[in-house]
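Novice:
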Amino acid sequence: MIKVAIIIGSTRPGRNGKAVAHWVHDLAAKRDDAEFELVDLKDFDLPHLDEVMPAAVGQYSHPHTQAWATKIASFDAYVFVTPEYNHSTSGALKNAIDFLYAEWNNKAAGFVSYGSNGGTRAVEHLRLVMGELQVADVRAQVALSLFTDFEHFSVLKPSVQQGDALVAMLDQVIAWGRALRPLRK
Ligand SMILES: Cc1cc2nc3c(=O)[nH]c(=O)nc-3n(C[C@H](O)[C@H](O)[C@H](O)COP(=O)(O)O)c2cc1C
140 MIKVAIIIGS TRPGRNGKAV AHWVHDLAAK RDDAEFELVD LKDFDLPHLD EVMPAAVGQY
200 SHPHTQAWAT KIASFDAYVF VTPEYNHSTS GALKNAIDFL YAEWNNKAAG FVSYGSNGGT
260 RAVEHLRLVM GELQVADVRA QVALSLFTDF EHFSVLKPSV QQGDALVAML DQVIAWGRAL
320 RPLRK
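In structure tokens, the structure reads:
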């Protein structure tokens, strides 16, 4: 069975990202076609990128990089839960992505974003990054509005349609995560 990480892409105190990621995990965990695990960037406490060699070289000198690499390498696919900060993803998520290379290659990914306009501009930026990392990002995505899927911009109350969109995205992530297996061998 393939393993899917649900990556919490914000680290801010009081972040909405944690509730969004738990909603994703609660719904995903009901499925029996993949295993899902929450991965919280906060737990890895990565500094700003501090490796001498580019990640594509694969020489990780710091224990924090090695721990992050071991975790990310253990998955077949990813769901990135991203806020929109200034029309892009969070600096913390971009930094965490930049730390690694081979660990991301030939995996599948989907996105759950949130923001005033659903966070879709953050996802568009992430799709560019995924191309460079040889990650197959699926078309279906979830875009939660701070106005209609949250109460007071802080209490997550997603509509039924957002749950349907999440199921569609997970279907695609799992299908592509499986299909890419031969390339990962
Ligand atoms: C630095 C910063 C920049 C933001 N820029 C945008 C933006 O460009 N577009 C948008 O829709 N929301 C923007 N927001 C609102 C965030 O999407 C919203 O606060 C969201 O809850 C942030 O995610 P987090 O709570 O998990 O940190 C911004 C918030 C912050 C903190």
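Each residue of the sequence shown is one higher than the one before, starting from 140 at the first, in the working numbering.
Note that CB positions come from ideal geometry on N, CA and C, so glycine has one too.
Where do the ends of the alpha helix (DSSP H) carrying L177 lie?
Specialist: Segment 173-179 is the beta strand (DSSP E) holding L177; no alpha helix (DSSP H) there.
Novice: Mapping the DSSP letters down to three states, classify A241 as helix, strand or coil.
Specialist: A241: coil per DSSP, three-state reduction.
Novice: From V196 to V274, what distance separates their C-alpha atoms?
Specialist: Approximately 17 Å between the Cα atoms of the pair.
Novice: Could you check if Q300 is buried or exposed, using at least 16 other CB atoms within 10 Å of its CB as the buried criterion?
Specialist: With fewer than 16 Cβ atoms within 10 Å of its Cβ, Q300 is classed as exposed.
Novice: I need the straight-line Cα distance from L98 to A304, nearest angstrom please.
Specialist: Any answer about residue 98 is impossible in this case: the structure gives the chain only from 140 up to 324.
Novice: How about the segment 141-154 and the segment 230-237: do they share at least three Cβ pairs that are nearer than 8 Å?
Specialist: Result yes; three or more Cβ-Cβ pairs closer than 8 Å.
Novice: Apart from the five residues just before and just after S200, which ones in its own chain have a Cβ nearer than 7 Å to its Cβ?
Specialist: Closer than 7 Å at the Cβ level, and outside the excluded window around S200, lie E190, V191.
Novice: Once the 5 residues before and after P193 are set aside, which same chain residues still bring their CB inside 8 Å of it?
Specialist: So the list reads Y240, once near-sequence residues are dropped.
Novice: Report the rounded CA-to-CA distance for R320 versus I236, giving the unit in angstroms.
Specialist: About 21 Å.
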